[in-house]
Every structure is written in structure tokens, then in C-alpha cells.
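In this text, residue positions in the sequence shown follow full-length UniProt numbering: the first is 1, and each later residue adds one.
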Amino acid sequence: MTEKLTAARDARLRFYRHIDAGSPWIGSRASLRPRDAEQFPGDGLPAALARALCERSALPAKELFEATETFELVRKRVRGAAVADLCCGHGLAGLLFAIFEREVQKVLLIDRERPASADVLLDAADEVAPWAREKIQWRVEQLKRMELPEGTGVIAVHACGLRTDAAMELAIGARGAFAALPCCRPHRLHPAPESLKNALGADVAIDVHRTYALEAAGYRVKWQEIAEGITPMRRVISAVRARS
């Protein structure tokens, strides 16, 4: 137990590797502030982006680290010519693909409404990564009415409830890679078997059910986790089509 606690204290985030994964700050719902910019020293692009976000108080610390840590886990699996960030909110997860992945030529940011924070984030990106803007296409659209071009990779960071499943179905329909950080799993409404919900707990059972659905559709699936201090709903599910 002592060794585990020591390891947790010594752990670092994956994207911002200088930041302690045990720091309470990484899970803060308070907006980033200009003075937080000093937490991101250096000349690198990740630090410059974080400072630009801090200067604009663009989003809570928690949401910065949810997006960047999920991105770092799945970027190599999801990247392709086109990536869609579904139920994107401010769109940071998709924006990271536009900024850091040269292979990605188009990023679709899709949600049922476009929050004011989305433009704040785009302004921050313009400051440090002006090439990203031309890749971005914002769409205000409902998931149930959506179609994606074939091969589009899909990412869904905290798409609530059954929206994660809808995003997964869209990825399967487009024959694209898929990654999600699920949240707010609908314990009663989800079609996962009740026997699994009772035996494994509903959260695990629902993600097992999603995994079976992806594998049945010809995908290879991986489970990973982001730091617990960011969010207790930290399981990342990613899937790529198996080679025939």
C-alpha cells in the first residue's frame, strides 16, 4: 500500500509531464486564471497553448486536463485525414488534433449548440498555432441527424449517457477509429445485460457491452485511464478497425 501511495505521488501527467498527477488543482472546476500561466513554463507549443488559455480564462483546469490527457492516450489511434469531436462543448479535444497532428487535415467540432467559450479557445489557438483554424469546421447538429464521411475518426470526451453510444455507432458507420471518455452512464436505460450490471457494477458492465459491440463490428479495443485526480469517470475506451 505504501508503495502504491508513493507511486501515485510521484506520477506525472502524460501531456503536461511536469505536472503532478496527484495535485488537487488538476481536478479543479474553477476557471484557469492569468496567474495560472506560470504553471506552464517553457518554449514548447503545449505550454504556449496552456498559457494562452490561462490568459483568457478560457475553461476550468479540469476540462483542460481531461482533454489533453485523453488526447495524449488516443492521438495515434484516432488520427487520420478527418477527425470529428462529438458533443464537443468548447471543442478543445478536437482542436488538439488540429494543432498537434499534421496528418489531420480536417476537424469537425459538432454539438447541439456552440458555446461562447468555443470562440475563446479558437482565439487562443490562433495566437500559438495559426495553422489550426483552417482545419476546423464547426457544425451545430444533433447526433441522431448526423452522418460522417467514411474513415472519419471520432472522439467523444464526456458525451453524457447514451450519447457515447451514439458517437460509437457513428464511428462504426463511418468505419473510422473511435475514442471516448464516457461519463454519466445511464444505468437503467442502457441495454447492457442486467446480469453483468449486477455482477460487475453498471459502469463496468456498460463499457464491457460497448467493447463487445465494437469487437463485433471488427474493431480492436483498448481500455486505459487518465489520472483519478482529474475525474473519477476516467476510463478511456479507444478502438481501431482490425486489419483483414
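Positions of the beta carbon are idealized from the N, C-alpha and C atoms, including for glycine.
None of the values given here were measured: they were computed from a predicted structure.
task: Look at residue 82 and residue 151 and say whether their C-beta atoms are less than 8 angstroms apart.
output: As a position in the sequence shown, residue 82 is number 82, starting the count at 1. As a position in the sequence shown, residue 151 is number 151, starting the count at 1. Yes, these two residues count as a Cβ contact at 8 angstroms.
- prompt: What residues match up with residue 219 in a beta bridge as DSSP calls it?
  reply: As a position in the sequence shown, residue 219 is number 219, starting the count at 1. Its beta-bridge partners are 241.
- prompt: Excluding sequence positions up to five away, which residues of its chain have a Cβ less than 7 angstroms from the Cβ of residue 225?
  reply: Residue mapping note: residue 225 aligns to position 225 of the sequence shown, counting from 1. Closer than 7 angstroms at the Cβ level, and outside the excluded window around residue 225, lie 234, 235 and 236.
query: In whole angstroms, what separates the C-alpha of residue 231 from that of residue 57?
result: Position 231 of the sequence shown, counted from the first residue, corresponds to residue 231. Position 57 of the sequence shown, counted from the first residue, corresponds to residue 57. C-alpha separation (whole angstroms): 20 angstroms.
Under the three-state DSSP convention, the category residue 108 falls into: Here residue 108 corresponds to residue number 108 of the sequence shown, with the count starting at 1. In the three-state DSSP reduction, residue 108 falls in the strand class (E or B).
Residue span of the alpha helix (DSSP H) that contains residue 180, given as start and end: Translated into the one-based positions of the sequence shown, residue 180 becomes position 180. Residue 180 -> not in any alpha helix (DSSP H); beta strand (DSSP E) instead, spanning 178-183.
query: Do residue 185 and residue 202 come within 8 angstroms of each other at the CB atom, strictly closer than that value?
result: Start at 1 with the first residue of the sequence shown, and residue 202 comes out as number 202. Start at 1 with the first residue of the sequence shown, and residue 185 comes out as number 185. In this structure, residue 202 places its C-beta atom within 8 angstroms of the C-beta atom of residue 185.
- prompt: Based on the DSSP output, what are the partners of residue 142 in its beta bridges?
  reply: The sequence position of residue 142 within the sequence shown is 142, counting from 1. Looking at the DSSP assignment, residue 142 forms no beta bridge with any residue, so it has no partner.
task: Give the secondary structure of residue 230 by DSSP, where H, G and I count as helix, E and B as strand, and everything else as coil.
output: Along the sequence shown, one-based indexing puts residue 230 at 230. In the three-state scheme derived from DSSP, where H, G and I count as helix and E and B as strand, residue 230 is classed as coil.
- request: Output the distance between the C-alpha atoms of residue 9 and residue 194, rounded to the nearest integer angstrom.
  value: Your numbering for residue 9 matches position 9 in the sequence shown. Your numbering for residue 194 matches position 194 in the sequence shown. Residue confidence is low: residue 9 scores 47 on pLDDT, short of 50, so the model does not pin down where it sits. Its coordinate-derived value is still stated next. For residue 9 and residue 194, the distance between alpha carbons rounds to 38 angstroms.
Nonlocal neighbours in the same chain, by C-beta distance under 6 angstroms from residue 19, ignoring five residues either side: Within the sequence shown, the letter at position 19 stands for residue 19. Cβ within range, chain order: 13.
message: Comparing C-alpha positions only, which one of 217, 176, 181 and 26 sits nearest to residue 79?
response: Residue numbering aside, residue 79 sits at position 79 when the sequence shown is read from its first letter. When each option's Cα is compared against that of residue 79, the closest is 176.
- prompt: Between the Cα of residue 180 and the Cα atoms of 48, 132, 11 and 67, which residue gives the shortest distance?
  reply: Position 180 of the sequence shown, counted from the start, is the residue given in the question as residue 180. Out of 48, 132, 11 and 67, 67 has the C-alpha closest to the C-alpha of residue 180.
query: If you draw a straight line from the C-alpha of residue 109 to the C-alpha of residue 211, how long is it?
result: As a first step, residue 109 is located in the sequence shown; it is residue number 109 there, counting from the start. As a first step, residue 211 is located in the sequence shown; it is residue number 211 there, counting from the start. Put simply, the backbone Cα of residue 109 is about 25 angstroms away from that of residue 211.
task: Have a look at 141, 104 and 160 and flag the residue whose alpha-carbon is nearest the alpha-carbon of residue 134.
output: Stepping through the sequence shown from its first residue, residue 134 is reached at position 134. For residue 134, the closest alpha carbon among the candidates 141, 104 and 160 is that of 104.
- request: Would you check if there are 3 or more beta carbon pairs closer than 8 angstroms linking the stretch 106-121 to the stretch 24-36?
  value: Result no; under three Cβ-Cβ pairs closer than 8 angstroms.
query: beta strand (DSSP E) containing residue 153: first to last residue?
result: The count along the sequence shown starts at 1 and reaches residue 153 at position 153. Note, residue 153: beta strand (DSSP E), 153-160.
field: Distance between beta carbons of residue 125 and residue 95, contact taken as under 8 angstroms
entry: The residue labelled residue 95 in the question sits at position 95 within the sequence shown. The residue labelled residue 125 in the question sits at position 125 within the sequence shown. 6 angstroms between Cβ atoms; contact.
- request: Please confirm whether residue 101 and residue 52 have their CB atoms less than 8 angstroms apart.
  value: Against the sequence shown, residue 101 aligns to sequence position 101. Against the sequence shown, residue 52 aligns to sequence position 52. Residue 101 is not a Cβ neighbour of residue 52, given a cutoff of 8 angstroms.
message: Between which residues of its own chain and residue 239 is the CB-CB distance below 7 angstroms, once the five residues before and five after are set aside?
response: For the purposes of this step, residue 239 is identified with residue 239 of the sequence shown, where counting begins at 1. Counting only Cβ-Cβ distances below 7 angstroms, and skipping sequence neighbours, we find 177, 178, 214, 219, 220 and 221.
- request: Compute the Euclidean distance between the alpha carbons of residue 47 and residue 115, then round it to the nearest angstrom.
  value: Within the sequence shown, residue 47 is the residue found at index 47, counting from 1. Within the sequence shown, residue 115 is the residue found at index 115, counting from 1. Going by the C-alpha atoms only, they are around 24 angstroms apart.
query: Taking the continuous beta strand (DSSP E) assigned at residue 82, which residues delimit it?
result: As a position in the sequence shown, residue 82 is number 82, starting the count at 1. From DSSP, the beta strand (DSSP E) with residue 82 extends over 82-86.
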